[in-house]
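The listed protein sequences derive, respectively, from chains A and B. So for the first sequence, the working numbering puts the first residue at 1; every next one is plus one. So for the second sequence, the working numbering puts the first residue at 1001; every next one is plus one. Read through the structure below, which is laid out as structure tokens, and then see the notes.
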Amino acid sequence: MTNTIEYVREVARAVLHRLGDPAPRWEVLSVTPHHELHVTPAGLAAPNSVLVTIGDGGTTVQVYYSLDVPADLATATTAGQIQDHAIEHTAGAALPPCPGHRHPLAARPLDGVASWTCPQDPAHHTEPIVP
Amino acid sequence: MSSKALIGMRAKLGVVVLGIGSLLVAPAFAGATAVPVAETVREISVESSAGVNANSVLTLTFDKPVAKAEAERYRQELAAQSVVQTEDVDYISCEGDLTRSDANGTWTVQYVCFSGYGTIPWGFRLSQAVRNIVVGLVTEDGLRWWRNGASQPKNAGHVVPADYHFHGTMNPVYHYNTVSYQDYMTFRHNVGPGGTGSVTFAGSVETLP
């Protein structure tokens, strides 16, 4: 689990760094195993996740890293959740910007690699979420 | 289909009883001597259904015990909201969307199809009746979802005002998947002596081309 926690911390830091300006100047505040408190629907198992708390002292937001799916999907999903929080806190800024386009890059697993990619054409721009 | 109200109350001594459409109170005992039925409760629940595959539950816990008659009045006020009648099974096709509404809120799901996969953006708003009893912010746990019974990455939670449009995306999904989802929100409420409230909504859809 220690390696996973460190990896998730690295993911969150890389995403915050990549979002750049005008994203909020958030830092990774904590990365901890998450324990589900609420009953799940009948026949369905509770998700296994790592909880990531980020913020700047005044604002804190939380995202999850899934331990139930392959790492590329889990990484892209976490990146997307951080991106959503940042876009919401900037009233819709395209973060991170897609070069030459007006939309933000999308976080997706591509060929086994969690990537920032142009949502219209991956050939236009694709880069790994964790360099 | 009509709304059903499933009532749960926690008596003073912590005994939980459940009944459908009526108020039940658990008997309380002190040592070996039976005492009269407890006259106060600490918790009420109202389950609201918008169809077989969509429902929500509002639970209010009180900081101080309230009289059972008073609790029943709160329950009736909270349960007396309109419910949208829906089909029994939720199917959703590419580029289609569904809206479900009950006493506790309204939620929508869409099925957006791309080449080789799809996503289900979703949104939820608390009903005006629930918003009226919320004090301060609402803490959303984050949507949990399952694809064909397998747990998928939980959506991020939010701490926001009661009129917030909660939203997220279930991603990826594919044709002919059975997708189940559930989210949980907590808040302070102003009913009676005040306390802690929660709303859980859940449903499932099957994706079609």
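A virtual CB, placed ideally from N, CA and C, is assigned to each residue, including glycine. Note that the coordinates shown come from a computational prediction; the quantities given were computed from them, not determined experimentally.
Residue i versus the options, residue with shortest Cα-Cα distance
i	options	result
Ile-1133/B	Thr-1207/B, Ser-1198/B, Thr-1040/B, Gly-1096/B	Ser-1198/B
Tyr-1184/B	Trp-1145/B, Phe-1062/B, Gln-1152/B, Thr-1178/B	Trp-1145/B
Gln-62/A	Ala-91/A, Pro-119/A, Trp-26/A, Pro-97/A	Trp-26/A
Thr-2/A	Leu-19/A, Thr-32/A, Asn-48/A, Ala-91/A	Thr-32/A
Arg-1042/B	Leu-1060/B, Ser-1048/B, Leu-1137/B, Ser-1115/B	Leu-1060/B
Ile-100/A	Ser-49/A, Ala-79/A, Thr-117/A, Ile-129/A	With the sequence shown as reference, residue 100/A is identified as Gly, and Ile is not the correct amino acid for it. Here the closest residue by C-alpha is Thr-117/A.
Gly-55/A	Glu-6/A, Thr-77/A, Leu-29/A, Ala-114/A	Leu-29/A
Leu-105/A	Ala-91/A, Pro-122/A, Ala-42/A, His-89/A	Pro-122/A
Thr-90/A	Thr-4/A, Glu-10/A, Gly-20/A	Gly-20/A
Asn-1190/B	Val-1066/B, Asn-1055/B, Glu-1039/B, Trp-1107/B	Val-1066/B
Ser-1115/B	Pro-1172/B, Gln-1152/B, Ser-1048/B, Ala-1069/B	Pro-1172/B
Thr-1178/B	Leu-1137/B, Gly-1149/B, Val-1046/B	Gly-1149/B
His-999/B	Asp-84/A, Ala-93/A, His-103/A, Leu-67/A	A question about residue 999/B goes unanswered here, because the residues of chain B that appear run from 1001 up to 1209.
Pro-1161/B	Ser-1045/B, Arg-1100/B, Glu-1140/B	Glu-1140/B
Pro-1153/B	His-35/A, His-125/A, Thr-77/A	Thr-77/A
Val-1205/B	Thr-1196/B, Ser-1127/B, Gly-1136/B, Trp-1122/B	Trp-1122/B
Thr-40/A	Ser-1045/B, Ser-1048/B, Ser-1056/B	Ser-1056/B
Glu-14/A	Ala-45/A, Pro-119/A, Val-69/A, Ala-107/A	In the sequence on display, residue 14/A carries Ala and not Glu. Among Ala-45/A, Pro-119/A, Val-69/A, Ala-107/A, the Cα nearest to that of Ala-14/A belongs to Ala-107/A.
Thr-1196/B	Asn-1104/B, Glu-1047/B, Phe-1062/B	Phe-1062/B
Glu-1039/B	Thr-1108/B, Lys-1064/B, Leu-1078/B	Lys-1064/B
Gly-1210/B	Thr-1200/B, Arg-1188/B, His-1175/B	Absent from the structure is residue 1210/B, since the part of chain B shown begins at 1001 and ends at 1209.
His-1158/B	Ile-129/A, Pro-70/A, Glu-88/A	Glu-88/A
Ser-66/A	Glu-127/A, Pro-47/A, Ile-5/A	Pro-47/A
Pro-131/A	Val-11/A, Thr-4/A, Pro-22/A, Gln-120/A	Val-11/A
Chain B residues whose Cβ lies nearer than 7 Å to that of residue i
i	result
Pro-41/A	Ser-1180, Gln-1182, Ala-1202
Asp-84/A	Ala-1156
Pro-47/A	Arg-1144, Ser-1151, Lys-1154
For residue j and residue i, believed in contact at Cβ under 8 Å, the rounded distance
i	j	result
Ala-1129/B	Gly-1142/B	Not really, about 24 Å apart at Cβ, beyond 8 Å.
Leu-1208/B	Ile-1120/B	Wrong, their Cβ atoms sit about 12 Å apart, outside the cutoff.
Ala-86/A	Ala-114/A	Wrong, their Cβ atoms sit about 17 Å apart, outside the cutoff.
Gly-112/A	Asp-72/A	5 Å
Arg-1075/B	Thr-1106/B	Rounded, the Cβ-Cβ distance is 21 Å, inconsistent with contact.
Thr-60/A	Pro-24/A	Their Cβ separation, rounded to whole angstroms, is 11 Å, which puts Thr-60/A and Pro-24/A out of contact at 8 Å.
Asp-1102/B	Gly-1203/B	So it is not a contact: roughly 10 Å between Cβ atoms.
Gly-1136/B	Arg-1188/B	5 Å
Per-residue contacts from residue i into chain B (C-beta, under 8 Å)
i	result
Ala-74/A	Pro-1153
Thr-77/A	Pro-1153, Asn-1171
Tyr-7/A	Within chain B, no residue comes near Tyr-7/A; the closest Cβ sits about 15 Å away, beyond 8 Å.
Val-63/A	Ala-1156
Gln-81/A	Asn-1155, Ala-1156
For residue i, the three-state DSSP class (helix, strand or coil)
i	result
Glu-1140/B	strand
Lys-1064/B	strand
His-1167/B	strand
Gly-1031/B	Caution is warranted here: a pLDDT of 35 is assigned to Gly-1031/B, below 50, making its placement in the model unreliable, and no coordinate value can be reported.
Gly-1021/B	Model confidence at Gly-1021/B stands at a pLDDT of 25, short of 50, so the residue's coordinates are unreliable; what they give is reported in the following sentence. Here Gly-1021/B sits in coil by DSSP.
Ala-76/A	helix
Thr-40/A	coil
Glu-1087/B	Summary for Glu-1087/B: the model assigns pLDDT 41, below 50, so the residue's position carries little reliability; its value from the coordinates is reported in the next sentence. If DSSP states are grouped into helix, strand and coil, Glu-1087/B belongs with coil.
Ala-23/A	coil
Glu-1095/B	coil
Val-130/A	coil
Ser-115/A	strand
Pro-1036/B	In this prediction, Pro-1036/B has a pLDDT of 43, which is less than 50 and means its spatial position is unreliable; nothing more can be read from the coordinates.
Ala-106/A	strand
Asn-1055/B	strand
Gln-1128/B	helix
His-1158/B	strand
Ala-1150/B	strand
His-35/A	coil
Gln-1110/B	strand
Ala-123/A	coil
Glu-1077/B	helix
Partners in chain A for residue i, counting only beta-carbon separations shorter than 7 Å
i	result
Trp-1146/B	Leu-44
Asp-1141/B	His-38
Contact list for residue i against chain B, beta-carbon separation under 9 Å
i	result
Ser-66/A	Ser-1151, Gln-1152, Pro-1153, Lys-1154
Val-69/A	Ala-1150, Ser-1151, Gln-1152, Pro-1153
Worksheet item: What are the complete beta strand (DSSP E) segments, minimum 3 residues, inside the segment 50-100 of chain A?
Response: 60-66
Worksheet entry | Sequence ranges, beta strand (DSSP E) only - wholly within the segment 1167-1205 of chain B, length at least 3 | 1178-1189
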